[in-house]
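Heads up, the sequence shown is in numbering that gives the first Met the number 0, so the first residue is 0 and it goes up one at a time. All residues carry an ideal CB built from backbone N, CA and C; glycine is no exception.
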Amino acid sequence: MAKVEVLNPTTLRITATLEDALTMIKEASDHLEEFAEDIITICDKMPEFDYTYFCFYAYDTAALFERMLGIDPKQYLTFSMNAPDAFFYTLYGGMKGLYNSARHSMTQREAFIGMI
Numbered sequence: 000m001a002k003v004e005v006l007n008p009t010t011l012r013i014t015a016t017l018e019d020a021l022t023m024i025k026e027a028s029d030h031l032e033e034f035a036e037d038i039i040t041i042c043d044k045m046p047e048f049d050y051t052y053f054c055f056y057a058y059d060t061a062a063l064f065e066r067m068l069g070i071d072p073k074q075y076l077t078f079s080m081n082a083p084d085a086f087f088y089t090l091y092g093g094m095k096g097l098y099n100s101a102r103h104s105m106t107q108r109e110a111f112i113g114m115i
């Protein structure tokens with residue numbers, strides 16, 4: 000699990016490792032339907048941030064991120080994230096591997112909702 004430090008009542012510092020990316024990929028894979036939107040958005044938007052500057056909150060893709068942290072960073076005014084490039088590249092690669100399954104899951108969900 001990523002290291003989360005409360006620097007003061009309004010500020011967090013998050014440190015993630017390659018292992019944290021692998022944990023996020025496994026969590027997304029194990030709960031594909033729950034995280035399908037996050038998977039799709041991460042894959043679609045990470046390249047715009049050159050992969051390593053991706054912000055999970057830029058597109059409301061934070062559910063998977065928050066699961067990894069065990070804390071809601073939105074409760075703080077600011078937070079910084081320190082992670083090696085390998086974290087972001089691995090996360091993107093893993094999400095890209097789940098992309099088609101996530102798209103299929105979203106299509107099925109939308110079809111089901113359309114039937115109601």
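Exercise for the section: Could you tell me whether the region 73–91 touches the region 21–29, using the rule of 3 or more Cβ pairs below 8 Å? Expected result: yes
Handout entry: Touch test, the region 96–103 against the region 68–83, Cβ-Cβ under 8 Å, three pairs minimum
Key = no
Problem - Those runs of the alpha helix (DSSP H) which lie wholly inside the region 38–81 and span at least 4 residues - result: 61–68
Problem - Pairwise C-alpha distance: glutamate 47 and threonine 14 - result: Taking the first residue of the sequence shown as 1, we reach residue 14 at position 15. Taking the first residue of the sequence shown as 1, we reach residue 47 at position 48. Cα to Cα, the separation comes out at about 22 Å.
Practice task
Go ahead and pull the three-state DSSP assignment for threonine 106.
Solution key: The residue given as residue 106 occupies position 107 in the sequence shown. The answer is helix: DSSP assigns threonine 106 an H, G or I state.
Practice task
Determine the DSSP secondary structure at threonine 16, reduced to helix, strand or coil.
Solution key: In the sequence shown, the residue the question calls residue 16 occupies position 17. In the structure shown, threonine 16 sits in coil (DSSP, three-state: anything other than H, G, I, E or B).
Exercise for the section: Kindly list the residues whose CB is nearer than 6 Å to the CB of threonine 60, restricted to its own chain and excluding five residues on each side of it in sequence; keep chain order. Expected result: In the sequence shown, the residue the question calls residue 60 occupies position 61. Closer than 6 Å at the Cβ level, and outside the excluded window around threonine 60, lie Asp37, Thr40 and Ile41.
Practice task
Report the residue from His30, Met80 and Asp29 whose alpha carbon sits nearest the alpha carbon of valine 5.
Solution key: Translated into positions along the sequence shown, residue 5 becomes position 6. Valine 5 has its Cα closest to that of Met80, out of His30, Met80 and Asp29.
Exercise for the section: Please confirm whether threonine 16 and phenylalanine 86 have their CB atoms less than 8 Å apart. Expected result: Within the sequence shown, numbered from 1, the residue matching residue 16 stands at position 17. Within the sequence shown, numbered from 1, the residue matching residue 86 stands at position 87. Yes, the Cβ-Cβ distance between threonine 16 and phenylalanine 86 is below 8 Å.
Exercise for the section: Please name the residue or residues paired with lysine 95 in a DSSP beta bridge. Expected result: Start at 1 with the first residue of the sequence shown, and residue 95 comes out as number 96. In DSSP, lysine 95 forms no bridge with anything.
Handout entry: Beta-carbon separation (whole angstroms), tyrosine 75 vs leucine 11, contact threshold 8 Å
Key = Within the sequence shown, numbered from 1, the residue matching residue 75 stands at position 76. Within the sequence shown, numbered from 1, the residue matching residue 11 stands at position 12. Rounded, the Cβ-Cβ distance is 5 Å, consistent with contact.
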